[in-house]
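> Take a look at the following structure, please.
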Amino acid sequence: SDSKEGLLPVPPPHTHPFLLRPVALGALRIRKTSARCQSLTDRMDIVIQVEDYLFFDALYQTASPDWLGQDRENVYRQFISIYITVATFGVLLYGIFSGLDWFFFFDRAYLNDPKILPNQVRREIMTTLGSIPFMTLLTTPVFLAEVRGYSKLTDGAPYGIGFEIFTIFSFLMFTDMMIYWIHRGLHHPLIYPHVHKTHHLWKVPTPWASHAFHPLDGFLQSTPYHMYAFLFPMNKFSYLIMFVFVNMWTISIHDGVYVSFDGILNSSAHHAEHHRLFNYNYGQYLTLWDRLFGTHRYPDHKALDPHRPELAGKGEKMADTKVKAA
3 SDSKEGLLPV PPPHTHPFLL RPVALGALRI RKTSARCQSL TDRMDIVIQV
53 EDYLFFDALY QTASPDWLGQ DRENVYRQFI SIYITVATFG VLLYGIFSGL
103 DWFFFFDRAY LNDPKILPNQ VRREIMTTLG SIPFMTLLTT PVFLAEVRGY
153 SKLTDGAPYG IGFEIFTIFS FLMFTDMMIY WIHRGLHHPL IYPHVHKTHH
203 LWKVPTPWAS HAFHPLDGFL QSTPYHMYAF LFPMNKFSYL IMFVFVNMWT
253 ISIHDGVYVS FDGILNSSAH HAEHHRLFNY NYGQYLTLWD RLFGTHRYPD
303 HKALDPHRPE LAGKGEKMAD TKVKAA
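Just so you know, we're using the working numbering here: the sequence shown kicks off at 3 and counts up by one.
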């Protein structure tokens, strides 16, 4: 008998049913593969989608027309794309926002402090630019898992707007708590000299010190942000916005602008005290965990003041000495 369009042909009466299994299973595989590709496409990170359209498609079709240029969901292509994206945006975010902070907010009187290192700003920048490629390499597999749909990042607001607003609060609280313990662990005597000491070279930090980490240090302190995405549902755009916010906040707590003198916010005053005395004020956004676990210290604003009397008139002489020493 004739079959309808789109359906498997009806077997003649003498055909054994088991002979149809290869045909049926092949059609099933096609449907499953198509559904899987569509699912991956639906889950693809919006940034990579836009970049594919703008330039990655052309790049891969030129560099690898028979392999990477044929499949946007190729895991190796996605790894390369994510690495390029994270490294590029990392450098841009650092350069733009640290630069804006440096030129418009940072008090240059801090450069008169005797604890400022020779050529410190240049060294902070070079440390950061040297670390970002390696931090990105460590982070890319995690981003890849997120892009390929293994996290709980969502499109839209499947649980309602109220829940999405709540995720912002819960993201901040969860990551702040986790960073507190990771940061505190990085000060353990067995770990500190090999990993975290790089960041504490800057006793009086500038905005350029914000990302001047050992690569492993930067990666470890970023893990709570990724952990959240795998443990709790969150809108992918909210997640992206929070990543930008985290980078801006990290810069702000190194710029010496005291938004909070001793409130619940862990402002640059608290973090400056951490750089000065090491074993206090481990929090990222809040002083809550330091207060709960006995590591909070009230900032000594007199000692942190870049205009304190003992530094008056020493600025130019000190700067000249440091340049000559370098």
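Here a beta-carbon is modelled for each residue, glycine too, at the ideal position from N, C-alpha and C.
1) Should the stretch 60-79 be regarded as contacting the stretch 203-219, the criterion being three or more beta carbon pairs within less than 8 Å?
2) Mapping the DSSP letters down to three states, classify THR141 as helix, strand or coil.
3) By how many angstroms is the C-alpha of TYR227 removed from the C-alpha of LEU56?
4) If you drop the 5 nearest sequence neighbours on each side, which residues of the same chain put their C-beta closer than 6 Å to that of ALA29?
5) Do TYR282 and HIS273 have their beta-carbon atoms positioned less than 8 Å apart in this structure?
6) I'd like the span of the alpha helix (DSSP H) that includes PHE186, first residue to last.
7) Have a look at the DSSP bridge pairing and note the partners of LEU290.
8) Please report how far the alpha carbon of ALA211 lies from the alpha carbon of VAL49, in whole angstroms.
9) Check each candidate in LYS205, MET229, MET250, ASN268 and name the one with the smallest Cα separation from LEU113.
10) Helix or strand or just coil, what does DSSP make of ASN249?
11) What residue from PRO209, GLN286, ASN237, ARG299 has the CA that sits closest to PHE105's CA?
12) Kindly list the residues whose CB is nearer than 8 Å to the CB of PHE108, restricted to its own chain and excluding five residues on each side of it in sequence; keep chain order.
13) Compare the Cα-Cα distances from ILE84 to each of ALA159, VAL52, ASP264, THR297 and report the closest residue.
14) Relative to the alpha-carbon of SER66, which residue among ARG79, GLY162, ASP54 has its alpha-carbon at the smallest distance?
15) What does a CB cutoff of less than 7 Å around GLN223 pick up in its chain, not counting 5 residues either side in sequence?
16) I need the DSSP call for THR64, collapsed to helix, strand or coil.
17) Measuring alpha carbon to alpha carbon, tell me which of LEU279, TRP291, LEU290, HIS201 ends up nearest THR252.
18) Does the Cβ of ASP103 have 16 or more other Cβ atoms within 10 Å, making it buried, or fewer, making it exposed?
19) For THR138, which residues in the same chain have their Cβ closer than 7 Å to its Cβ, ignoring the five residues on either side in sequence?
20) In terms of DSSP beta bridges, what is PHE236 paired with?
21) PHE173: buried (16+ other C-beta within 10 angstroms of its C-beta) or exposed?
22) Checking 8 Å against the spacing of the C-beta atoms, do PRO308 and ALA111 come in under that value?
23) Taking only three categories from DSSP, how would you classify PHE81?
24) Would THR141 and TYR96 be called neighbours here (beta carbons separated by less than 8 Å)?
25) How about ALA271 and HIS298: do their beta carbons lie closer than 8 Å?
26) Is GLY296 near ASP178, with beta carbons less than 8 Å apart?
In this structure, then:
1) no
2) helix
3) 28 Å
4) Summary for ALA29: the model assigns pLDDT 41, below 50, so the residue's position carries little reliability; its value from the coordinates is reported in the next sentence. Counting only Cβ-Cβ distances below 6 Å, and skipping sequence neighbours, we find nothing.
5) no
6) Inspection of the sequence shows that residue 186 is occupied by Arg rather than by Phe. Its alpha helix (DSSP H) spans residues 163-188.
7) The partner list for LEU290 (beta bridge, DSSP) is empty, contrary to what the question assumes.
8) 28 Å
9) LYS205
10) helix
11) PRO209
12) THR208, PRO209, ASP257, GLY258, VAL259
13) VAL52
14) ARG79
15) ILE181, ILE184, HIS185
16) helix
17) HIS201
18) buried
19) TYR85, VAL88, ALA89, GLY92
20) With the sequence shown as reference, residue 236 is identified as Met, and Phe is not the correct amino acid for it. According to DSSP, which records beta bridges pairwise, MET236 is partnered with LEU155.
21) buried
22) yes
23) helix
24) no
25) no
26) no
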